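One structure below.
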Amino acid sequence: MAFLKRRRADLWALVAIATAVTIFFWPVVKQQAWIPRGGGDLVSFLYPMYRFAARSLWHGEIPLWNPYLYAGAPFVSDNQSGLFYPINLLLFLLNPNFSYRTLQWLVLFHFWLAGTGMYVCLRGWQIGDRIRPFPALFAALTFMFSGVFIVHIGNLNLNAVIAWLPPALLALHRAIEAKTWRRQVQWAVGGGLLVSISTLAGHGQMTFMMGMFLGLYGMYRAVMGRNGRILLLLLIVGMVGIAGAAISLFPAVAQIQHTPRAGFDFAQSTNYSLPVKALVGLFAPNFYGRGIADFWGNWPRVEYGYAGVLSWLLAVVPFFTRQRRQALFFGIAGAFFLLLALGGNSPVYALLFEQLPIVPFQVPARFVVLADFCLAMLAGMGLDMLCKAWAVKRPRLWLAVTAVFLTTLAIYLIQQTNQLTILHPQRQAQMQTAVFTFITFGVLGWGLLAAYWRGWLSGKWLGITAVSLLAVDLISLGSHLEIEPGDPNPGFAAGSPALDFLLDNAELNRIDIATTEWQPSLPQLYGLYSIGGVYNPLQLSNYAAYNGSLGYRGSPAYNLLGVKYIVGKKNDPPGDTSFLVPVFEEDPRVNIYLNTLALPRVMILQNAVIVPDHNAAFDAIHADDFDPAQIVILEKGQPLAQEPAPVELTVLRYDLNRAAFSVTTQQPAYLLLTDIYHPDWQATINKEPAPILVANYALRAVYLEPGTHEVSFRFVPSGWWLGVAVTAVTWLGAGGFFVLKRREGHR
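Under my numbering, think of the first position of the sequence shown as 25, with each following residue one higher.
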């Protein structure tokens, strides 16, 4: 009870953060609306992926491989899976059949987590003269409702990673500030574990940004304090962070070389940069629009980083006090990350990244989230200084400077509105509303601070009013952007007659979804095999090339993948009806077509052609005379040219990570499995290791001598066992370390 009394203000602050999230998402909380608008990744990508992960774990199997989408693809190696993120794991194990609404609650939770982490960061930043609750709450609202969080409501894994930045930075900061080496190491190890947790949420770019921020802060403190030990603490944070997430990181890093990201160049990395003229969105976010419905800029829609008008006014305060050195890092870092967000529109991004051998990320605009974090830190510190009546140098000058800035920006926006109205008259009302909104919040914010300096408000009421004004600002301008009444669940066809038909006829054959009535990754949800799936930036390169060159439904390359059923629109066949035959038309939304040319997914082929290289294999499978039912194209191996003889083939098992077949052949042959080739697959023939050959450009084959054989396949991604061992040792070691230190502290 004593603890609760001491922390009563903090507990109320956490309740306030939860209340703000509830108000922001009220239609979703009331189950009257859905997020995100248009479905986005949350619907089409993450929900089927998470349900597949949950089902697999519930059945006692770790899904190293996903056989249901993209004709087979690595799963654990795709860091977006979030398979080992503790919060995901808790959901997967407690409720493996969770609904889409449950996933929405996970989104809301991470908004609360981001705000709570920011609040804790501010409250714990100054050990002696702690930052007060209202300024910390102000910073929490600034960060958790900033532009990236709003625009990426549907990117749960992105928001989940960056939500852990505030507590991780606090841990590093406290490690630097600690008086004893033991306490420094404790804080550094704790910070590393927080980095591990965030990394496991599964968004490589956000993890990179988080590491970059922590690294810059640590180096800044080491240089400014002339203390090399800080670099050692930073190293501890980094090593523990990597080691604690190695179970996901090691396979993911090894996987990059097999994806299109391996060929990413600098030009591609600048895709979705923040345009210079879009910087007005930092103050008037709806000027060009930031939602799907109202965006009209002539550039790809990206995040602006809007975090409220009052936040900018308060962020200046620390630089007018004697504590400006404390704020200097966040001022410099905020400007730096804002320049990085400009990507190809600024020379800074090129100077930093152009010389790297690989830049596996795009969307530089997301760097604005780090600028917003700096803004939240500065605004929280500034409000705290005012609430404590710290001496601000030349307050009239500060008020004058901010007034001139607001006035100048308002004039610029009005001029832009007048000029752009000529070209875009239909957008005049939107621009005028955005300008009026900016002026309104600018006047209210400046007036609030002026009233404080006049002595009309106490520090306490300044904090209360500032938090209230910011909440109105951010909630009113952001809450409507990604909420819509459209229910995404029909896209998953639960209980539909067509889905029941496919489930009743499910074998090893694949399906192809050729209609927008069903989600492209629906097969993953129900354990159906498919050649497709929603676009995944980390798909295998050979799959992307093969799938992109199928040509038409019914082509030899298409039939080779074993596509037996095609889900098409009502009364709109997805191809040539001479071989695509409707077999189920009782569903009100879709028809099911039988591809009568589909080949089995496992075949014994007794003729093989060896071509000199990968490009030649691509040409061979697209040649007019290619017959995949009779011949296999290989880049290595033994050529075969013989009359077919009888064979026997039995499927012994076909699981997530393993497959086994019994084969009897009278002459040399190749077992062809029309799953996508990956070098981490291993094969045995009669329990003896056997090489897996790249067949038909992107598939798998093994060579068989005459006789009866048991052919087994097993997938273990590179770095998997090492990652498991390193992660286990790290978490067990860290747990033992903290237990030991706790016992020492009680002596």
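We put the CB at the ideal spot given by N, CA and C, even for glycine.
Only a predicted model underlies this, so the values are computations on that prediction, with no experimental measurement involved.
Tell whether a beta-carbon distance below 9 Å holds between residue i and residue j.
i, j, result
"ILE221", "VAL748", "no"
"LEU115", "TYR74", "yes"
"GLY249", "TYR109", "no"
"PHE274", "TRP755", "no"
"PRO309", "ALA458", "yes"
"ALA403", "TRP336", "yes"
"ALA357", "TYR328", "no"
"ALA339", "LEU399", "yes"
"PRO663", "ILE628", "no"
"LEU182", "PHE237", "no"
"LEU132", "VAL67", "no"
"ASN720", "LEU623", "no"
"TYR92", "GLN563", "no"
"LEU472", "ALA490", "yes"
"ALA640", "GLU659", "yes"
"PRO120", "ALA184", "no"
"GLY171", "GLY355", "no"
"TYR330", "GLY321", "no"
"ALA37", "LEU193", "no"
"ALA278", "SER602", "no"
"PRO419", "TRP480", "no"
"GLY265", "GLY235", "yes"
"CYS411", "GLY483", "yes"
"ARG147", "ILE200", "no"
"GLY510", "ILE174", "no"
"GLN691", "ALA725", "no"
In the DSSP output, what is residue i paired with across the bridge?
i, result
"GLN706", "ARG738"
"SER554", "ILE535"
"HIS504", "Paired residue(s): none; HIS504 is not in a bridge."
"GLY592", "ASN615"
"VAL687", "LEU673, HIS733"
"TRP58", "GLU508"
"GLU541", "DSSP lists no partner for GLU541."
"GLU712", "ILE709"
"LEU695", "ILE628, VAL726"
"LEU717", "ALA725"
"VAL172", "According to DSSP, which records beta bridges pairwise, VAL172 is partnered with nothing at all."
"TYR678", "ALA683"
"LEU473", "DSSP output for LEU473 lists no bridge partner at all."
"LEU481", "Bridge partners of LEU481: none, in fact."
"LEU664", "ALA632"
"VAL587", "ARG534"
Measure how close the beta-carbons of residue i and residue j come, nearest whole angstrom, since I'm counting them as under 8 Å.
i, j, result
"PRO60", "ILE177", "5 Å"
"TYR567", "ALA665", "In fact, because the Cβ distance is near 30 Å, the residues do not count as touching under 8 Å."
"PHE516", "LEU549", "6 Å"
"PHE167", "MET142", "4 Å"
"PHE462", "LEU437", "7 Å"
"GLY487", "PRO159", "6 Å"
"ALA276", "THR751", "At roughly 13 Å, the Cβ-Cβ gap does not stay under 8 Å, so ALA276 and THR751 are not in contact."
"ASP34", "PRO157", "7 Å"
"VAL261", "ALA202", "Their Cβ separation, rounded to whole angstroms, is 13 Å, which puts VAL261 and ALA202 out of contact at 8 Å."
"ALA581", "ILE645", "6 Å"
"GLN229", "PHE385", "4 Å"
Would you say residue i touches the ligand MG, meaning its beta carbon is less than 8 Å from a heavy atom?
i, result
"GLN666", "This structure simply doesn't include the ligand MG, nor any ligand for that matter."
Legend entry - Three-pair Cβ contact test at 8 Å for the stretch 207-223 versus the stretch 364-372: no
Legend entry - Entirely enclosed alpha helix (DSSP H) segments - the stretch 362-407, minimum 4 residues: 371-377
Legend entry - Ranges of the alpha helix (DSSP H) found wholly within the stretch 87-156, counting only runs of at least 4: 110-118, 124-147
Inset, instruction - Could you say if the stretch 603-621 and the stretch 521-537 meet the contact criterion of at least three C-beta pairs nearer than 8 Å? - result: yes
Inset, instruction - Inspect the CB distances between the stretch 603-612 and the stretch 700-708 and report whether three or more fall short of 8 Å. - result: no
Legend entry - Sequence ranges, alpha helix (DSSP H) only - wholly within the stretch 201-268, length at least 4: 205-224, 228-249, 253-268
Inset, instruction - Quick one: which unbroken beta strand (DSSP E) runs of 3-plus residues sit fully inside the stretch 599-661? Chain order, please. - result: 604-608, 614-619, 626-629, 632-634, 656-658
Inset, instruction - Could you tell me whether the stretch 352-362 touches the stretch 388-406, using the rule of 3 or more Cβ pairs below 8 Å? - result: yes
Inset, instruction - Just list the alpha helix (DSSP H) runs in the stretch 294-353, keeping only unbroken ones of 4 residues or longer that don't cross its boundaries, in chain order. - result: 334-339
Legend entry - Sufficient close CB pairs (3 or more, under 8 Å) joining the stretch 75-88 to the stretch 705-721: no
Inset, instruction - Check whether the stretch 730-741 touches the stretch 683-696, taking contact to mean three or more Cβ pairs, one atom from each stretch, closer than 8 Å. - result: yes
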